[in-house]
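Participant:
Protein chains: 2
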Amino acid sequence: MATPVDTWFSTHRARLDQAVDACAERSAWTPFIESPSGKLHPPGAKQQGLAWFEARLGQPFPLAMPGEVGRTGAEVSPYTREPLGIDYPAVDVDELMAAARAAMPTWRDASVQTRLGVCMEILDRLAKDVFANAFATMHTAGQGFMMAFAGSGANSLDRGLEGLVYAYKAMRDIPPEAVFERRFGGEPVRLRKRYRLIPRGVAVVISCGSYPAWNAYPALFANLATANPVIVKPHPECILPMARAVQIARDTLSEAGFDANVVTLAADTRANPITKALLLHEHTAIIDFTGSQRFGAWIEENCTRADVYTETAGCNAVVVESAVALEPVVDAIAQSLCLFSAQMCTAAQNIFVPASGVRVGDTRVSPAAFADALVASVDRMLAEPKHAAGICGALQTDAIEATLGRLADHPGVVRAATPYAHPQYPNARTATPLVIRASAPDSVYQQEHFGPVGFVIEAESAEAALRHASDDAGQFGSIANYAYSVDPSFCAAIEDAFAERGSSVGINLLGQRPINFTAAFSDFHVTGLNPAGNACLTDLAFVTRRFRIVQSKTEEPCPASTTS
Amino acid sequence: MATPVDTWFSTHRARLDQAVDACAERSAWTPFIESPSGKLHPPGAKQQGLAWFEARLGQPFPLAMPGEVGRTGAEVSPYTREPLGIDYPAVDVDELMAAARAAMPTWRDASVQTRLGVCMEILDRLAKDVFANAFATMHTAGQGFMMAFAGSGANSLDRGLEGLVYAYKAMRDIPPEAVFERRFGGEPVRLRKRYRLIPRGVAVVISCGSYPAWNAYPALFANLATANPVIVKPHPECILPMARAVQIARDTLSEAGFDANVVTLAADTRANPITKALLLHEHTAIIDFTGSQRFGAWIEENCTRADVYTETAGCNAVVVESAVALEPVVDAIAQSLCLFSAQMCTAAQNIFVPASGVRVGDTRVSPAAFADALVASVDRMLAEPKHAAGICGALQTDAIEATLGRLADHPGVVRAATPYAHPQYPNARTATPLVIRASAPDSVYQQEHFGPVGFVIEAESAEAALRHASDDAGQFGSIANYAYSVDPSFCAAIEDAFAERGSSVGINLLGQRPINFTAAFSDFHVTGLNPAGNACLTDLAFVTRRFRIVQSKTEEPCPASTTS
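Put into structure tokens, the structure is as follows:
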């Protein structure tokens, strides 16, 4: 009898093929819905998502785990600052590892097509669950509703599908078998060769607190496609969206007849962390980490037994040399400082301007005037609390407030990180961008300050601004840089300088859309050439080591019967 | 004016395309000549190769290096046991690194096609130099002439070309640019995106003493294609073949107008080694290592800043369950023990037989009788000194003699490692296979004994033999395993057991050709799943991390001129 799993690959085949094409073209494409508009979703979808979220509050999350030794969880909504009151399985790491390993052989022995079909089906079910995911992400990560819906919904699903595509491409590159025929001396030889794709082992995916799905999905799906069982270890303050994704993946696996423990959850709290126990476990073969540069570096240095993929953070730069008009430029930068309170790894932080000023037409805008214009733009953008709420969301943790507090007395402050009043959640942990003036070089900005902090940095010249920005990118890490210039030769110098220091750059990005926006199937995210991470989302290098090839060869026709 | 480099890609295009197809099909293919027959080479080619080799003896090798601080080299021919008397540049590591880095930008900025063309031309010139390479390899590695010609010639060039193919495939996967068009809100956006392939940095390729070209060429060409400058660090007792290859590569690069320091040589001696200084240098971005498991593990553990590829060694097993006839099986195994004195990473070492005997037709061949038959086969194979010389070659180092000495008193010895008399070189360092009987498990065979040592190991049953062999492969490492059985279900169990422990296996390999033979474009060499190495020759994982992608995106049409 045909089971659902037999049809899933063919059901989703067209979407997969389109995604393969999109990765080759790298133009704009998505099969998922970015807008929460009621017209585009089944009636009541948003209400159902909200109802699902509200029903979780104060309740045990309906998920059992192998090696469960109790319950854990201490999430607090950045909007209400109330505990969510949800608890999750607390696990014994050895038992969880054993269960993950036990689930592997059947999953490994399934065909690539079967695994791809199951993964595509999981993605499809996650896509139908985007409202629930959006509310879960809002009240853990602190994202505004629109970002939680689109960025942690469609855009994250895109990245997951992209991870799947590259895994598929890498595995398709190896034929399952071959016949080898030649003569040695005069003697003909015929060997049948078989190439098996073997997973490395248990994969631990550590998701971050601010943007969990976007980075975790590519790792999750690349690992699943290549047959590695995955233990998802969410940030202790952002468990719910990942628990929901794990639940959906497990249900899908079970329905397909596989051991649900191919995907498991390892939740913890800050007070009782289990991350290092997972990372250093003898059975951990693959690690995907999103989080701080410091911990990422520790993993790269210490987890040498595992295949390690990191995406951490850096101090992203903006170089402003010239523009036709000032306002679109400062608006674009201001938006990057405001958007999700600059808690995105692509948010701008260090804005370099020449001491002689930014050329705008025939005039020069001095660093002071530029900073004033930026502050004015931020103020305009956030004047309406409702609009501020939509764009800024909430600060994910108290630690960000502490960062803002530490910098508040800096002598260069030109805009304080005043909170805005959230119209719906009066207790929301909010802040508007802190803007500080500085002169290059200064150690104060040569590090990431996670949260809404921007430095307007005066450099000796436009060339020096570019040099400082690109050198810092190479030395301290950066994920996305930006630059503005109407001079084609300076634009070329911008491209070269950032490429030379292993960092990506967006030039003259303006308009309504966020300059931070990073498109799956088109943008390569993180270069691996600077301290902001060693892996790229998503390229072949992200997937090719997640499986290995074991071959067997057998002489044919059976020589034992013909040679004597 | 067109220079040679402009035509090289098109000149070699057909060969490259064929190689791409061969890697996809993984059948038998080579564009190089395996036979030294005079009919297949220009008149006098062999004599010229010999003359080249002889002219090197006692002379400075004509190669200058940046950072040269003197001369070094202490090679001794395993055949004459006389010093070759050749010296090479001794280098200051910092200066060599600086020169390699200085050579990188121009090479990086050349197109992929240009780099591929130069690499194909280097391969072609190496292919025309196979006789010189053969004599150089004989008198350093100790290989017999035929192996030095074919194995270190055509077969190694195949592997180099294969490395090039995978690098080409991986780079081709990324379009150089793309146009990204979509609407954000109602606003159309058009971005021109550019994806640059950026090399990681200086690549150090450490070649081994016994089979230098076969492992070094894939790394050399994969690195060059992806624009990383390469420092070749040959084994101190096997410098000449690599110095020759470096010389040819440098000449080709210079002729193409590139800095010759894209490829450099770092020679040393056992007394004054520079390997660790190279490996731990801050500018070393990629390491390819062939050599001992111990040093390979040290590199994997300590060189965490670099991208590390290792191929080390293991104790390769043979499981003998049953056969139609005994003699072809023992002949095949005996040949593996004799061939190049088992100094190949694919040589068999641990031969497991059931205590109840090997089934041959209706009879059982006891372990004792099996060992006797194996010894008799070895004796037959090596009875003629001329034939022995052809098959065994010479022992590369005194250390192998020491190994044989340490094992000589083992109570299980059934065949001593007596030397054979080389008809041409009376002083040659030779040994015939030492054969020892043991019972499973025994730590004596659970490690690699580099050189001509075989253990006939009695296991409780055929199933136990397979279990011991495959478990040891997983735990102690193995590169190639072998098995013999006329029982299809046992053959299936063999494939599964070795796959389960991450190790490859050849089943029922018989006939005249060496069971050790590993074909580029067809066999995947090393799985990366056991301690015998972390990398495979050659697959996508071998190349995809050798470069990274840096992107830039620019808004078009120039928004600075349209927005105001």
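Chain order of the listed sequences is A and B.
According to our numbering, the residues represented by the first sequence are 64 to 627, in order.
According to our numbering, the residues represented by the second sequence are 64 to 627, in order.
We put the CB at the ideal spot given by N, CA and C, even for glycine.
Since this is a predicted model, take the numbers as computed values, not measurements.
1. Under 8 Å, do Glu138 (chain B) and Leu126 (chain B) count as touching if we go by C-beta distance?
2. Quick one: which chain B residues come within Cβ less than 9 Å of Phe35 (chain A)?
3. Ends of the alpha helix (DSSP H) at Ser317 (chain B)?
4. Is the CB-CB distance between Glu300 (chain B) and Thr203 (chain B) below 8 Å?
5. Unbroken beta strand (DSSP E) runs of length 3 or more, entirely within the segment 221-248 of chain A: which are they?
6. Which residues in chain B have a C-beta closer than 8 Å to the C-beta of Ala242 (chain A)? List them in chain order.
7. Would you report the Cα separation of Ala306 (chain B) and Leu328 (chain B), rounded to the nearest angstrom?
8. Against chain A, with Cβ distances strictly below 8 Å, would Leu573 (chain B) count as a contact?
9. Cβ closer than 7 Å: which chain B residues qualify as neighbours of Gln614 (chain A)?
10. Buried or exposed for Thr495 (chain B), going by 16 or more other Cβ atoms inside 10 Å?
11. Using the beta-carbon count (16 or more within 10 Å), is Asn490 (chain B) buried or exposed?
12. Please identify the residue among A:Met183, A:Val589, A:Met167, A:Phe403 whose C-alpha is closest to the C-alpha of Asn291 (chain A).
13. Tell me whether Lys191 (chain A) is buried or exposed, calling it buried when 16 or more other Cβ atoms sit within 10 Å of its Cβ.
14. Check each residue of the segment 593-606 of chain B: if its Cβ is closer than 8 Å to any Cβ of chain A, include it; give the result in chain order.
15. Terminal residues of the continuous beta strand (DSSP E) containing Val549 (chain B)?
16. Would Ile185 (chain A) pass as an interface residue toward chain B - the criterion being a Cβ-Cβ separation below 8 Å?
17. Report the option in A:Pro430, A:Leu303, A:Glu244, A:Asp425 whose CA atom is closest to the CA atom of Val387 (chain A).
18. Given that Asp236 (chain A) touches chain B, what residues does it touch there, using C-beta distances under 7 Å?
19. Relative to the C-alpha of Ile185 (chain B), which residue among B:Ala380, B:Leu402, B:Ile311, B:Gly136 is closest?
20. Do Gly205 (chain B) and Trp71 (chain B) have their beta-carbon atoms positioned less than 8 Å apart in this structure?
21. So, is Asp84 (chain B) buried or exposed, given that buried needs 16 or more other C-beta atoms within 10 angstroms?
22. How about Ser138 (chain A): is its C-beta nearer than 8 Å to some C-beta of chain B?
23. Apply the 10 Å Cβ neighbour rule to Leu287 (chain A) and answer buried if 16 or more other Cβ atoms are within range, or exposed otherwise.
24. Rounded to whole angstroms, how far is the Cβ of Cys366 (chain A) from the Cβ of Gln509 (chain A), which I believe are closer than 8 Å?
25. When you compare the segment 585-592 of chain B with the segment 254-266 of chain A, are there three or more beta-carbon pairs, one atom per stretch, that lie closer than 8 Å?
26. Using a Cβ cut-off of 8 Å, pull out every chain B residue sitting near Cys630 (chain A), in sequence order please.
27. Within 10 Å of its beta-carbon, does Gln110 (chain B) have 16 or more other beta-carbons around it, so buried, or fewer, so exposed?
28. Exposed or buried, Val68 (chain A), counting other C-beta atoms within 10 Å across all chains shown (16 or more means buried)?
29. Helix, strand or coil for Ile520 (chain B), going by three-state DSSP, please let me know.
30. What number of angstroms, rounded off, separates the C-alpha of Pro105 (chain A) from the C-alpha of Gln176 (chain B)?
31. If you draw a straight line from the alpha carbon of Ile542 (chain B) to that of Pro275 (chain B), how long is it in whole angstroms?
32. Near Leu113 (chain B), what residues of its chain come up, given a Cβ to Cβ distance below 6 Å and the 5 sequence neighbours on each side ignored?
33. When the Cα atoms are used, what is the spatial distance from Asp559 (chain B) to Arg530 (chain B)?
34. Just checking: is the beta-carbon of Ala82 (chain B) within a distance shorter than 8 Å of some beta-carbon in chain A?
35. Between the beta-carbon of Gly223 (chain B) and the beta-carbon of Tyr280 (chain B), is there less than 8 Å?
36. Mind checking Arg171 (chain A): buried by the 16 CB within 10 Å criterion, or exposed?
Facilitator: In this structure, then:
1. As a first step, residue 138 (chain B) is located in the second sequence; it is residue number 75 there, counting from the start. As a first step, residue 126 (chain B) is located in the second sequence; it is residue number 63 there, counting from the start. Contact: no.
2. With chain A represented from 64 up to 627, any question about residue 35 (chain A) goes unanswered, as that position is not in the structure.
3. Working through the second sequence from its first residue, we reach residue 317 (chain B) at position 254. Residues 303-318.
4. Within the second sequence, the letter at position 237 stands for residue 300 (chain B). Within the second sequence, the letter at position 140 stands for residue 203 (chain B). In this structure, the beta-carbon distance from Glu300 (chain B) to Thr203 (chain B) falls below 8 Å.
5. Within the segment 221-248 of chain A, the complete beta strand (DSSP E) runs of at least 3 residues are 240-247.
6. Stepping through the first sequence from its first residue, residue 242 (chain A) is reached at position 179. For clarity, residue 242 (chain A) is Val in the given sequence; the question names Ala instead. Per Cβ cutoff of 8 Å: Ser90.
7. Locating residue 306 (chain B) in the second sequence gives position 243, counting from the first residue. Locating residue 328 (chain B) in the second sequence gives position 265, counting from the first residue. Looking at the two C-alpha atoms, the distance is approximately 7 Å.
8. Along the second sequence, read from residue 1 onward, the residue named residue 573 (chain B) stands at position 510. At least one CB atom of chain A sits nearer than 8 Å to the CB of Leu573 (chain B).
9. If you number the first sequence from 1, residue 614 (chain A) lands on position 551. Neighbours of Gln614 (chain A) on chain B, chain order: Ser567, Asp586, Phe587.
10. Position 432 of the second sequence, counted from the start, is the residue given in the question as residue 495 (chain B). Buried is the call here.
11. Taking the second sequence and counting its residues from 1, one reaches residue 490 (chain B) at position 427. Exposed, since its Cβ has fewer than 16 Cβ neighbours within 10 Å.
12. Sequence index remark: in the first sequence, residue 291 (chain A) carries index 228 (1-based). Answer by Cα proximity: A:Met167.
13. Taking the first sequence and counting its residues from 1, the one referred to as residue 191 (chain A) is at position 128. Lys191 (chain A) is exposed by the Cβ-count criterion.
14. Listed by position along the chain: Cys599, Asp602, Leu603, Ala604.
15. Within the second sequence, numbered from 1, the residue matching residue 549 (chain B) stands at position 486. Per DSSP, Val549 (chain B) lies in no beta strand (DSSP E) and is assigned neither H nor E.
16. For the purposes of this step, residue 185 (chain A) is taken as the residue at position 122 of the first sequence. Judged by the 8 Å Cβ criterion, Ile185 (chain A) is not in contact with chain B.
17. Position 324 of the first sequence, counted from the first residue, corresponds to residue 387 (chain A). The shortest Cα separation from Val387 (chain A) among A:Pro430, A:Leu303, A:Glu244, A:Asp425 belongs to A:Asp425.
18. Within the first sequence, the letter at position 173 stands for residue 236 (chain A). From the beta-carbon of Asp236 (chain A), the residues of chain B found nearer than 7 Å are Leu603.
19. On the second sequence, residue 185 (chain B) is found 122 positions in, with the first residue counted as 1. Looking at B:Ala380, B:Leu402, B:Ile311, B:Gly136, the one whose alpha-carbon comes closest to that of Ile185 (chain B) is B:Ile311.
20. In the second sequence, counting from the first residue as 1, residue 71 (chain B) sits at position 8. In the second sequence, counting from the first residue as 1, residue 205 (chain B) sits at position 142. Cβ distance not < 8 Å, so Trp71 (chain B) and Gly205 (chain B) don't count as in contact.
21. If you number the second sequence from 1, residue 84 (chain B) lands on position 21. Exposed.
22. Residue 138 (chain A) sits at position 75 when you count from the first residue of the first sequence. The residue you asked about is not Ser; residue 138 (chain A) is Glu in the sequence shown. No - not a single Cβ of chain B is within 8 Å of the one on Glu138 (chain A).
23. Numbered from its first residue, the first sequence carries residue 287 (chain A) at position 224. It counts as buried.
24. As a position in the first sequence, residue 366 (chain A) is number 303, starting the count at 1. As a position in the first sequence, residue 509 (chain A) is number 446, starting the count at 1. Cβ-Cβ separation between Cys366 (chain A) and Gln509 (chain A): approximately 27 Å, too far for a contact (criterion under 8 Å).
25. Per the Cβ contact rule, the segment 585-592 of chain B is in contact with the segment 254-266 of chain A (3 or more Cβ pairs under 8 Å).
26. Examination of residue 630 (chain A) is not possible in this model, given that chain A is present from 64 through 627 alone.
27. For the purposes of this step, residue 110 (chain B) is identified with residue 47 of the second sequence, where counting begins at 1. The residue in question, Gln110 (chain B), is exposed, as its Cβ has fewer than 16 Cβ neighbours within 10 Å.
28. The residue labelled residue 68 (chain A) in the question sits at position 5 within the first sequence. Its Cβ being crowded by 16 or more others within 10 Å, Val68 (chain A) is buried.
29. Your numbering for residue 520 (chain B) matches position 457 in the second sequence. Judged by DSSP in its simplified three-state form, Ile520 (chain B) adopts strand.
30. Reading the first sequence from its first residue, position 42 is the one you call residue 105 (chain A). Reading the second sequence from its first residue, position 113 is the one you call residue 176 (chain B). In this structure, the straight-line span from the alpha carbon of Pro105 (chain A) to that of Gln176 (chain B) is close to 51 Å.
31. Position 479 of the second sequence, counting from 1, holds the residue named residue 542 (chain B). Position 212 of the second sequence, counting from 1, holds the residue named residue 275 (chain B). If you take the alpha carbons of Ile542 (chain B) and Pro275 (chain B), they lie about 17 Å apart.
32. Looking up residue 113 (chain B) in the second sequence gives position 50. Excluding residues within five positions, the ones whose Cβ falls inside 6 Å are Phe198.
33. Translated into positions along the second sequence, residue 559 (chain B) becomes position 496. Translated into positions along the second sequence, residue 530 (chain B) becomes position 467. Rounded to the nearest whole angstrom, the CA to CA distance from Asp559 (chain B) to Arg530 (chain B) is 11 Å.
34. One-based indexing of the second sequence puts residue 82 (chain B) at position 19. Taking a beta-carbon distance threshold of 8 Å, Ala82 (chain B) does not count as an interface residue toward chain A.
35. Stepping through the second sequence from its first residue, residue 223 (chain B) is reached at position 160. Stepping through the second sequence from its first residue, residue 280 (chain B) is reached at position 217. The criterion of a C-beta distance shorter than 8 Å is satisfied by Gly223 (chain B) and Tyr280 (chain B).
36. As a working note, residue 171 (chain A) is residue 108 in the first sequence. Burial call: buried.
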